[in-house]
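Everything below concerns the one structure shown next.
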Amino acid sequence: MFRSLNSRLLFSYIVVILICLLVAALALLVALRIRQVQQRFVFQRLGDVARVTVVVGRGRDVGPERMAYLLRRVDQDRNVRILLLDSQGSVVLDSRDEWEGQNLLARARLNRRLEGGLQGNFTDTEGRTWLFVALPWPTSSSSEMLAFTTLEPRGAALAWAREHMLAPLLWAGLAALVLSVLLALLISRSVAAPLRRVAGAAEGIARGETGTRAPVSGPTEVQALARSFNTMADRVEATQQSQRDFVANVSHELKTPLTSIQGFSQALLDGTASTSEATARAARVIHEEAERMRCMVDELLVLARFDAGQVVMARDPVELGPLLRGCIEKLAPQAQAAGVALKLDGPEHLFVTGDADRLAQVFTNLLDNALVHTPAGGKVTLASRPAGDGRAVEVTVTDAGEGIPAGSLSRIFERFYQVAKSRQRSRGAGLGLAITKEIVEAHGGTITAESVMGLGTRFTVCLPTR
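Structure below.
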């Protein structure tokens, strides 16, 4: 019972509604028990009885005996004591035959004057307080008045409310309760239904339907939940696709060197490589392919450590000038062998905060890629300059290679992605730029690429100074 969100919301709404109705009833009860309120109800009741009696008696001339009979009859019907007073305030007739001859107006305290009459209270000889309303008796030629009186109430207002207001209030409360329950049911369903759809989408993904998404509907909080769920589902799907691509790419990257190693080792075993040159060539290929596999495994381990958050970067001041010159000097023999000019351009005394070894790995990798794709006679430029009002440093690596197609530019930082799919992949497995991006972002920086086909490519690394 009450295990579903819908039933719990509905139950909570009903409880709140009942509490509100109870509080309203208690507040009304307290108000009715206040003395002034009770007196107001009594005066209203006495006034109603007085006006009806005066209207009924208007135009009729009745004798004393008939008058006394009528007063007793009204007293019995309405439980209101009726007095006929003369002009001096003395009692001429009493519906209960006790106060004839007494002057009540002498002891009366008037609260206010009515139209042609009086309203107030007085105390009898026994010390009891009576409330009265007095109106002129229209059938008398003299200035006689009818006084309609009753004892000061103890619960009279409650009795009046029970008589005149209880049934309407009960019906109104019942109608309010029914309408509120219906409204609560609609509200609870409007909250629970979108949540059920999100739960259904989650179950769909658990069944392997990775394309399932939750509809964004319902209250703002539920919509935010659905958007977050869809974002999570997108990331899960992307992760699964990345894992599938990873397995396929690793398998493909390992297949080529393993095939070469297997082939040349078989040649050594069966004597096909019988000459010293053939043996040396087989050994060299086996060594190169094994080295290629080792490099790929090392790069995969580096990326795995980044994914696991296990790579700790130093946070030391690093002067870029000496670091960039060291990268140029390291690759100078490779550039000379390829017939490519290496140029360093930038001011001295530029500092960033980071890990000098990892940053050297970034720029060495970018320079290496630039040299590979720049034809003989071309130029590769490594430049640096302040950026962001001195809060950052921008380093660019520009080559004069064949360029990167626009469709591939947004994917070059993906793992295992290589632009020239048809070209023999003798240099790495397409992990260098992915590692470079991880290192740059670990420093709080960014790396972007722009390229023009036939003119070359420029990589821009922006690093914070602090």
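Heads up: take any position in the sequence shown, counting from 1, add 1367, and you land on our numbering.
A virtual CB, placed ideally from N, CA and C, is assigned to each residue, including glycine.
The segment 1764-1821 contains, as complete alpha helix (DSSP H) runs of 4+ residues, the segments 1773-1776, 1799-1809 (chain order).
In terms of CA proximity to Gly1774, Gln1785 leads the group Trp1466, Phe1730, Gln1785. The shortest CA-to-CA distance from Leu1549 to any of Gln1728, Gly1745, Ile1384, Thr1803 is the one to Ile1384. Straight across, the Cα-Cα distance linking Gly1812 with Arg1778 is about 19 Å. Using a 10 angstroms sphere on the CB of Met1434, the tally of other CB atoms reaches 16 or more, which defines it as buried. Straight-line spacing of the CA atoms in Gly1487 and Val1558 works out to 59 Å. The Cβ-Cβ distance between Asp1722 and Ala1681 falls below 8 Å.
Relative to the Cα of Phe1673, the nearest Cα in the group Ala1657, Leu1798, His1740 belongs to Leu1798. Going by beta carbons, Leu1738 and Val1729 fall outside the 8 Å limit. Distance between Trp1538 and Ala1591, taken at the CA atoms: about 41 Å.
The bridge partners DSSP lists for Phe1673 come to none.
A direct Cα-to-Cα measurement between Ala1809 and Asn1616 gives close to 25 Å. Rounded to the nearest angstrom, the Cβ distance from Thr1517 to Leu1413 is 7 Å, consistent with a contact under 8 Å.
Shortest Cα-Cα distance from Arg1495 to any of Met1820, Arg1474, Leu1485 involves Arg1474.
Ala1650 and Cys1662 have their alpha carbons spaced roughly 18 Å apart.
Taken in chain order, the complete beta strand (DSSP E) segments of 3 residues or longer contained in the segment 1617-1701 are 1683-1686.
Here Ser1618 is not near Glu1656, since their CB atoms are 8 Å or more apart.
With a threshold of 16 other beta carbon atoms within 10 Å, Asn1736 meets it and is buried. Secondary structure at Arg1418: helix, using DSSP grouped into helix, strand and coil.
For the set Phe1783, Glu1465, Met1820, the Cα lying nearest the Cα of Glu1493 is the one of Glu1465.
As for any alpha helix (DSSP H) of minimum length 4 sitting wholly inside the segment 1693-1752, the runs are 1723-1740, ordered along the chain.
The beta carbons of Glu1769 and Gly1821 sit closer together than 8 Å.
Cβ-Cβ separation between Glu1604 and Thr1639: approximately 48 Å, too far for a contact (criterion under 8 Å). Taking the Cα of Ala1392 as reference, the smallest distance to any Cα among Leu1536, Ile1381, Ala1759, Arg1463 is reached at Leu1536.
In its chain, beyond the 5 residues on either side, Ala1581, Val1589, Leu1592, Ala1593, Phe1596 have a beta carbon closer than 8 Å to the beta carbon of Val1565.
In the same chain as Pro1684, and ignoring 5 residues on each side of it, the C-beta atoms closer than 7 Å to its own belong to Phe1718, Thr1720, in chain order. Measuring C-alpha to C-alpha distances from Leu1498 to each of Leu1450, Ser1454, Ala1534 identifies Leu1450 as the nearest.
Here Leu1471 carries a coil assignment [DSSP, helix/strand/coil].
In this structure, the alpha-carbon of Val1583 lies about 17 Å from that of Glu1570.
Membership of Asp1442 in the alpha helix (DSSP H) is indicated by the continuous run 1431-1445. By the 16-neighbour rule on beta-carbons within 10 angstroms, Glu1432 is exposed. Nearest to Pro1700 by alpha-carbon distance, out of Arg1445, Gln1406, Leu1734, Ser1818, is Leu1734.
The Cβ atoms of Gly1745 and Asp1766 sit closer than 8 Å to each other.
Under the DSSP definition of a beta bridge, Glu1761 partners with Arg1752, Cys1829. In the DSSP secondary-structure assignment, Val1548 is not bridged to any residue. Leaving aside the five residues that flank Arg1692 on each side, the residues in its chain whose CB is nearer than 7 Å to its CB run, in chain order, Leu1711.
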